[in-house]
Amino acid sequence: MGNFFEKSDLSRNEAENIISDTLQKCDDGELYLENSKSESILLDDNKIKNSSYNSDLGFGFRAISGEIVAYSHSNEISKNSLKQSSENLKSTLKSAQGSYNHSIPKSNKKYYENINPIDQKTLNEKIKILNDVNNYIRSKNKNVKQVTANFLGEQKSIEIIRLGGETLSDVRPLIRFNVSVMLEKNGRKESGVYGIGGRQSYDSYLKEDNWKNVCDEALRIASVNLESKPAPAGEMKVVLGPGWPAILIHEAVGHGLEGDFNRKKTSAFYNLMGQKVASEGVTIVDDGTIDNRRGSLTIDDEGTPTEKTVLIENGILKNFMQDRMNARLMKTRSTGNGRRENYRHIVLPRMRNTMMLNGNHTQDEMIKSVDKGIFAVSFGGGQVDITSGKFVFNCTEAYEIINGKIGSPIKGATLIGDGPSILKEVSMVGNDMMLDPGIGTCGKAGQGVPVGVAQPSILINKMTVGGTKL
Amino acid sequence: MIKDQEYLSKKASYCLDLSKKLGATDASVVVRNSISETVNFRNQKLDESNRSDNLAIGITTYIGKKKSSISSSNLLSDNLNTLIEKCIETAKNTPADEFNSLPDKDLLAKEVKDLDLYDDTHIKNEDKIEYLKRLEVSASNNKKIVNTESSFTEDKSNFILANSDGFCEGYKDSSFIASSVTVAKDEKSMERDYEYSSKCHFKDIKDAEILGKLAADQTIRKLSPKKISSEKIALIFDKRIAKGILNTFASAISSSAISRGTSFLKDKINQKIFSDEINIFDKPDILKGLGSRNFDSEGVKTETLKLVDQGVLKHYLVDTYNGKKLSLKSNGRSGGTSNLYFNRGKVSFNDLLSSNSKCLYITETIGHGNNIVTGDYSVGATGFLVENGEFKYPINEITIAGNLNDMFQNITLADDLDFEYATNSPTMMIEGMVVAGK
Chain A
-19 MGNFFEKSDL SRNEAENIIS DTLQKCDDGE LYLENSKSES ILLDDNKIKN SSYNSDLGFG
41 FRAISGEIVA YSHSNEISKN SLKQSSENLK STLKSAQGSY NHSIPKSNKK YYENINPIDQ
101 KTLNEKIKIL NDVNNYIRSK NKNVKQVTAN FLGEQKSIEI IRLGGETLSD VRPLIRFNVS
161 VMLEKNGRKE SGVYGIGGRQ SYDSYLKEDN WKNVCDEALR IASVNLESKP APAGEMKVVL
221 GPGWPAILIH EAVGHGLEGD FNRKKTSAFY NLMGQKVASE GVTIVDDGTI DNRRGSLTID
281 DEGTPTEKTV LIENGILKNF MQDRMNARLM KTRSTGNGRR ENYRHIVLPR MRNTMMLNGN
341 HTQDEMIKSV DKGIFAVSFG GGQVDITSGK FVFNCTEAYE IINGKIGSPI KGATLIGDGP
401 SILKEVSMVG NDMMLDPGIG TCGKAGQGVP VGVAQPSILI NKMTVGGTKL
Chain B
439 MIKDQEYLSK KASYCLDLSK KLGATDASVV VRNSISETVN FRNQKLDESN RSDNLAIGIT
499 TYIGKKKSSI SSSNLLSDNL NTLIEKCIET AKNTPADEFN SLPDKDLLAK EVKDLDLYDD
559 THIKNEDKIE YLKRLEVSAS NNKKIVNTES SFTEDKSNFI LANSDGFCEG YKDSSFIASS
619 VTVAKDEKSM ERDYEYSSKC HFKDIKDAEI LGKLAADQTI RKLSPKKISS EKIALIFDKR
679 IAKGILNTFA SAISSSAISR GTSFLKDKIN QKIFSDEINI FDKPDILKGL GSRNFDSEGV
739 KTETLKLVDQ GVLKHYLVDT YNGKKLSLKS NGRSGGTSNL YFNRGKVSFN DLLSSNSKCL
799 YITETIGHGN NIVTGDYSVG ATGFLVENGE FKYPINEITI AGNLNDMFQN ITLADDLDFE
859 YATNSPTMMI EGMVVAGK
């Protein structure tokens, strides 16, 4: 259990009393306490540009009545501050007449260790690796004009106190290591980015010169882009590689299957439950239970243990992703998808590790079947308009396919598609499913949370490629 | 109540003193308190209330040319002491960088002008609710509107920026933001659009009924969109999208992108990057301006810059560190631009619309498809087909692409500039870009 009350004039007992006074006529709610520590060390332009450390402490107090959420947060854990928040919540929910839902599932499973990755490596060791990265990349290729590498490490301790004093807690480690390279050749500049990470110590990812693989990959992508030609414009077949390109799944259908948008009927999927929304053979799950993954959580930010939720099974829409509030209003159960960026934000249904499972085709088959199209291997970010269902993502490594063969690399282009129909255009699902390297952050309503994605290679019959070559 | 200047200054000098005592040769600190209250409505009913009270501190310590920084919202004094010790310890172990330093003393802001950025008005929740009710009634007027989500936020903040060269200044600012997102539906489609109004002063906020109606109208007209064929066609960017292109220009001339060599506008100073008629200003002292400021995030005074003069690039956005690297003086743009805008163009909005027999009017873009290293631009877009100056039908699921080098040279601006945002552009036409559709 955390020590949130150790240095405060507020005792745990007093906090519990304020919580019950505030929530007694509410349907749900909790006091969420958070203490996080994070570091960032950045090498850029041949130098250590930045070494910074952040320490964050605060609470968020939430009361829910019917469809109304009242929220108040502060970075001051004190009697005064919590009372003020309580008054604020009570004034919003004056007419609350509910009865508090005490039930919350329990589990003893843990998906990561209770460690502080920041302390597991000294600053000097981290600086040495960053300098080694810089020297390694610059010595490998004479066209390197810029190298940026950074470490991000974090430990977040949370505690949830519910009406009656029920307490749930979790300690979450998270690290990320990124390398970005810019090359210049004959006046042309191109860049390549790669990174790895998850909920383990730095050494789990970087030991035995593993960092060299990250450098090699960033350098390889930049080198490919240096030879790229303008991308085509228009509708064509698209083969997506395995792993990180699954952000297509995340954008195209993931967001549209979050409970809040469906309760509010603003998602293009809200009336499609039980219906066919994808080709046969397409199964998509959202899994919070994979050991040490970036998107995994032992409990979500409402205290619900996470699970592997089947969203689409063999083409049929099976489940939405739910937090407690949307689940209650939609008369179903929370799937453990209630998440928030930190104590400053309210809980929303959010993705964890969103994955399309294996089919039985090979990538080779897919490419051979395409007369004219593109093969997309790596992506930058993506975005979706939940309501119209239109989504985009940006290729950072892609090739043209001509007559069943991979051709020249093409410049970064945006691909655009329609979420509810894109999965019906999937005509082959590969047998080579891969998890992404552990670098994804998903944004929603101004909140960023770490997520993962996975998929095998897939062939999409028709998508619009946003190039410049007509 | 928001913390006053005296409280914030005390915290700031405590941190500066302790940093010096523990071995820092220089230090800077920023202490900021902000209190924000939001009420959200959905389908004409109260949906959410949110109150936030944040006090945060950021400290950078220097030991000679070595530097490290910390930030925290945990202001218990023993935590602060531990953090400052850690900061100094980290600085000691971080390699020196010859360009690390506080800003030159003679560039620091000497006076803090009253830019009228703070409105003390407190809008009670009941009054926020009353505003939102009127807004949502207006937004829900047409039966094609099936969902409305609106919010009203009141935000007050106060800060002190101080450094060990004696700089210690700060001021309060406020913002009032009303917004509405509406969803419309017909047999064929469901669409979403929005409108918002953000001002320093409450009385400048758009009228609730007008805001609601704008959001609804903008959504309804998007219903039953079509997808068009791929072609090269003139694009007209609505003001709310055109300002994004101006922001992309600003990130490409940031001294950090220039000094790192990662901008397509590197070495373009005194070169013509836009057509003759384009002038771009960054003016920090507009009264009640959403981007207005007296000094930048390092305390350096900010003055109006004409960034582009008749198409020619005149300035980068320079901070202390990158300025020293580029042998340029900071022009007070650490943290970016203030009130950035294009000059007014010469043609009316209607003349711009009818200058081509066929064009696309873009109202929204999605995706992060602008690459400031290469200038390549490719994003998803939504808008309308315009023929002979008339809006014909809505368009979606297309992308628009080009290269910013060419796009900048082919901009024509309308004469309808106003100051709704921190970055402002008149309606903008760009010719020669490629639309990918069917």
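Same order as they appear, the protein sequences are chains A and B. Taking the working numbering, I'd label the letters of the first sequence as residues -19 to 450. Taking the working numbering, I'd label the letters of the second sequence as residues 439 to 876. Think of the CB as a built atom: it goes at the ideal place given N, C-alpha and C, for glycine as much as any other residue.
With distances taken from CA atoms, which of the options is nearest residue i?
i	options	result
Val756 (chain B)	B:Leu745, B:Gly729 and B:Lys664	B:Leu745
Gly360 (chain A)	A:Thr315, A:Thr263 and A:Tyr174	A:Tyr174
Gly737 (chain B)	B:Gly773, B:Ser795 and B:Asn512	B:Gly773
Gly428 (chain A)	A:Arg319, A:Gly353 and A:Ile440	A:Arg319
Pro430 (chain A)	A:Gly316, A:Ile381 and A:Met331	A:Met331
Gly178 (chain A)	A:Gly275, A:Glu197, A:Asp1 and A:Ala213	A:Gly275
Ser(-9) (chain A)	A:Glu14, A:Leu62, A:Ser54 and A:Leu37	A:Leu62
Ser900 (chain B)	A:Asp365, A:Lys298 and A:Gly387	With chain B covering only 439 through 876, there is no way to say anything about residue 900 (chain B).
Asn462 (chain A)	A:Asn15, A:Thr376, A:Asn(-3) and A:Leu143	Residue coverage of chain A in this structure runs from -19 to 450, which leaves residue 462 (chain A) outside it and unanswerable.
Phe41 (chain A)	A:Ile57, A:Ser31, A:Lys27 and A:Asn34	A:Ile57
Ser32 (chain A)	B:Ala462, B:Thr476, B:Val468 and B:Thr532	B:Thr532
Leu154 (chain A)	A:Arg200, A:Lys122, A:Asp189 and A:Ser137	A:Ser137
Asn114 (chain A)	A:Glu105, A:Ile402, A:Gln126 and A:Leu103	A:Gln126
Asn596 (chain B)	B:Tyr569, B:Met439 and B:Asp485	B:Met439
Gly749 (chain B)	B:Asp720, B:Asp723, B:Ser713 and B:Arg771	B:Ser713
Phe702 (chain B)	B:Asp814, B:Tyr859, B:Leu521 and B:Leu484	B:Asp814
Tyr634 (chain B)	B:Leu599, B:Glu625 and B:Ala646	B:Ala646
Lys370 (chain A)	B:Thr803, B:Gly761 and B:Cys525	B:Thr803
His639 (chain B)	B:Ser697, B:Ser662, B:Leu725 and B:Lys681	B:Leu725
Are any of the Cβ atoms in chain A nearer than 8 Å to that of residue i?
i	result
Ser636 (chain B)	no
Lys449 (chain B)	no
Met628 (chain B)	yes
Cys525 (chain B)	yes
Thr812 (chain B)	yes
Thr532 (chain B)	yes
Lys459 (chain B)	no
His806 (chain B)	yes
Ile643 (chain B)	no
Ile836 (chain B)	yes
Would residue i and residue j qualify as a contact pair, given that the criterion is a beta-carbon distance under 8 Å?
i	j	result
Ser617 (chain B)	Tyr632 (chain B)	yes
Lys5 (chain A)	Gln64 (chain A)	no
Phe780 (chain B)	Ser863 (chain B)	yes
Ala202 (chain A)	Gly172 (chain A)	yes
Met871 (chain B)	Ala819 (chain B)	no
Leu393 (chain A)	Leu415 (chain A)	Per the sequence shown, the amino acid found at residue 393 (chain A) is Ala instead of Leu. Contact flag unset, no.
Ser45 (chain A)	Leu73 (chain A)	yes
Leu790 (chain B)	Thr686 (chain B)	no
Lys623 (chain B)	Val575 (chain B)	no
Ile84 (chain A)	Glu19 (chain A)	no
Ser472 (chain B)	Asp554 (chain B)	no
Since residue i is in the alpha helix (DSSP H), which residue starts that stretch and which ends it?
i	result
Asp344 (chain A)	Gln343 to Lys348
Asn306 (chain A)	Arg304 to Leu309
Tyr569 (chain B)	Asn563 to Ala577
His(-8) (chain A)	Sequence inspection shows Arg at residue -8 (chain A); the His mentioned does not correspond to that position. Its alpha helix (DSSP H) spans residues Arg(-8) to Leu3.
Val194 (chain A)	Trp191 to Leu206
Tell me where the beta strand (DSSP E) around residue i begins and ends.
i	result
Thr528 (chain B)	Segment Ser515 to Asn531 is the alpha helix (DSSP H) holding Thr528 (chain B); no beta strand (DSSP E) there.
Ile648 (chain B)	Segment Ala646 to Ile658 is the alpha helix (DSSP H) holding Ile648 (chain B); no beta strand (DSSP E) there.
Ala819 (chain B)	Asp814 to Glu825
Phe614 (chain B)	Lys610 to Lys623
Ser35 (chain A)	Lys27 to Ser45
So is residue i in contact with chain B if we call contact Cβ pairs under 8 Å?
i	result
Ile354 (chain A)	no
Met305 (chain A)	no
Met(-19) (chain A)	Here the model assigns Met(-19) (chain A) a pLDDT of 45, short of 50, so the residue's position is not dependable, and the following value carries that caveat. With 8 Å as the cut-off, Met(-19) (chain A) does not count as an interface residue toward chain B.
Looking at the ligand PLP, does it come within less than 7 Å of residue i, judged from the CB to the closest heavy atom?
i	result
Gly426 (chain A)	Within the structure as shown, the ligand PLP is missing, as the structure has no ligands at all.
inquiry  = In chain order, what are the residue ranges of uninterrupted beta strand (DSSP E) at least 3 long that sit wholly in the segment 371 to 410 of chain A?
reply    = 385 to 390, 394 to 398 and 406 to 409
key: Any beta strand (DSSP E) of 3 or more consecutive residues that is wholly inside the segment 134 to 169 of chain A   = 147 to 165
task = Scan the segment 728 to 808 of chain B and note each continuous alpha helix (DSSP H) run of 4 residues or more that stays entirely inside, going in chain order.
result = 758 to 764 and 787 to 791
key: Runs of beta strand (DSSP E) wholly within the segment 228 to 308 of chain A (minimum 3 residues, chain order)   = 264 to 267 and 288 to 293
ask   = Unbroken beta strand (DSSP E) runs of length 3 or more, entirely within the segment 443 to 515 of chain B: which are they?
value = 464 to 480, 483 to 501 and 504 to 510
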